[in-house]
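**Q** The sequence shown runs contiguously to residue 211 in the working numbering. No residue lacks a Cβ here, since even glycine has one placed at the ideal position from N, Cα and C.
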Amino acid sequence: MSNISIIGSGSIARAIGALALKGGNTVEVIGRDADKAGALARALGNGATTGAWGAAPSGDIVILAVLFAGAVPVVSEYGEGLADKIVVDITNPFNADATGLAVPHDTSVAQMVADAAPASTHVVKAFNTLFSHVLASGDPVDVFMAGDDRRAKASVSAFIASLGLRPRDAGDLSMAHWLESASLLEMGLARNGLGFNISLGVNLGRTE
Ligand SMILES: NC(=O)c1ccc[n+]([C@@H]2O[C@H](COP(=O)([O-])OP(=O)(O)OC[C@H]3O[C@@H](n4cnc5c(N)ncnc54)[C@H](OP(=O)(O)O)[C@@H]3O)[C@@H](O)[C@H]2O)c1
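Pasting the structure below:
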């Protein structure tokens, strides 16, 4: 069981929050609009709470579920409130028509978040390749993740498994660039024949 705080109260916050509660975790919803955060916590039910914007989140794992342009400003604003926390960055830094990345090609928004966070914060990229409605369906999909700290990734893996999903460790935080690119691949596949009811996953080869 994990204690989760979710910063943001949009569609991905709703999907992860619902799965988290179903999986036996605690959920705190934090939004810059307190009314929206409260409405989401009430809709989620099952003991979901709200936290004050800017105060240190109560969760050990903090899901950063804001639009990508807000990710670094929000982490900077929280500052030491995120010390010793695991921050899970789920954002996709798409350009306006989602045909390219809006961050430089030698980095990722996850790396920029890590650079803005306190030194004791462990940033893990995860969930960004999953459409919110696919997550909400509860299908046992693969969840790619990347991060530098093994213990933080073990905690996030356990959280992902509690949702009934499959954690797939792609490596250190430098891989976040490729996870963000993978979401572009998914957008291309969705727009060019497959539709949006898809997820990227791994086929495990048979060893026999
Ligand atoms: N939806 C998906 O299928 C999906 C899939 C994978 C990843 N993602 C990523 O998840 C993130 C959220 O997506 P979403 O679909 O949940 O978006 P959404 O429904 O539009 O919700 C966005 C949330 O972020 C908050 N927010 C935006 N800018 C902010 C800022 N500067 N400071 C503080 N809060 C801010 C919004 O607050 P207000 O309500 O006050 O504006 C809202 O609570 C995005 O980065 C997106 O790339 C989404």
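1) Hey, is residue 76 close to ligand 1, as in C-beta under 7 Å from one of its heavy atoms?
2) What is the DSSP secondary structure of residue 288, counted as helix, strand or coil?
3) Span of the beta strand (DSSP E) holding residue 90?
4) Just to confirm the assignment: which complete beta strand (DSSP E) runs, minimum length 3, are found wholly within the segment 123-208?
5) Roughly how far, in whole angstroms, is the beta-carbon of residue 62 from the beta-carbon of residue 80, given that I think they are within contact range, below 8 Å?
6) I need the DSSP call for residue 8, collapsed to helix, strand or coil.
7) Can we count residue 188 as close to ligand 1, meaning its CB is less than 7 Å from some heavy atom?
8) Return the first residue and the last residue of the alpha helix (DSSP H) that residue 78 is part of.
9) If residue 120 sits next to residue 127, beta carbons under 8 Å apart, how far is it from one beta carbon to the other, in whole angstroms?
10) Taking 7 Å as the cut-off, is the C-beta of residue 39 nearer than that to any heavy atom in ligand 1?
11) Measure the alpha-carbon distance for residue 59 versus residue 111 and round it to whole angstroms.
**A** Put simply:
1) Yes, ligand 1 has a heavy atom inside 7 Å of this Cβ.
2) No answer is possible for residue 288: the residues shown for the chain start at 4 and end at 211.
3) 89-92
4) 125-129, 145-150, 169-172
5) Incorrect: roughly 17 Å between the Cβ atoms, too far for contact.
6) It is a strand residue.
7) Not one heavy atom of ligand 1 falls within 7 Å of the beta-carbon of residue 188.
8) 71-81
9) About 12 Å separates the two Cβ atoms, so there is no contact after all.
10) yes
11) 25 Å
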